[in-house]
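Enquirer: The structure under discussion is supplied below as structure tokens; questions concerning it will follow.
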Amino acid sequence: MDLLEVFKALSNRTRLEILRGLKDPVKHFPPQDEGDVHTVGVCVSSIQEGVGLSQSTVSDYLATLQRAGLVEARRIGQWTYYKRNEAAISALAQLIGKDL
């Protein structure tokens with residue numbers, strides 16, 4: 001895990017808000033048609049609507065979170081769904097507790 005990439009990803013208020021929202025997506029993002037959000041993830045359009053930014057900005061923010069390893073993407077048809085990478089977030093918490 002590249003801590004610098006992780007901290008860069010988390011240094012933006014909206015990216016942090018997206019990551020927090022994905023912890024309880026039913027509460028933070030509008031409903032979607034495709035499957036259970038805890039299994040499939042949340043569609044970019046629902047995230048976009050939830051944070052009130054353009055699709056391109058939200059996609060860029062999600063790509064940053066994905067590069068840092070904090071979210072996972074899943075493509076279904078023409079849509080991409082995102083969910084938290086809980087294993088990476090737990091490892092980050094342990095690393096911070098141990099090394100910082």
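Going by the UniProt record's numbering, the sequence shown opens with residue 1, and the numbers climb by one from there. We treat Cβ as the ideally placed atom computed from N, Cα and C, and that holds for glycine. Since the model is a prediction, treat every value here as computed from it, not as a measurement.
Nearest by alpha-carbon distance to G35: which of I89, A88 and K83 is it?
Expert: Residue K83 is the option with its Cα nearest to G35.
Enquirer: I'd like to check one pair, G97 with N85: are the Cβ atoms closer than 7 Å?
Expert: No, they are not a contact pair.
Enquirer: Are the Cβ atoms of Q48 and V58 separated by less than 7 Å?
Expert: Yes, these two residues count as a Cβ contact at 7 Å.
Enquirer: Taking only the alpha-carbon atoms, compute the straight-line gap between residue 170 and L100 and give it to the nearest angstrom.
Expert: Coverage of the chain is limited to positions 1 through 100, which leaves residue 170 absent and any answer about it impossible.
Enquirer: To the nearest angstrom, how far is it from the Cα of F7 to the Cα of A87?
Expert: In a straight line, the C-alpha of F7 is about 17 Å away from that of A87.
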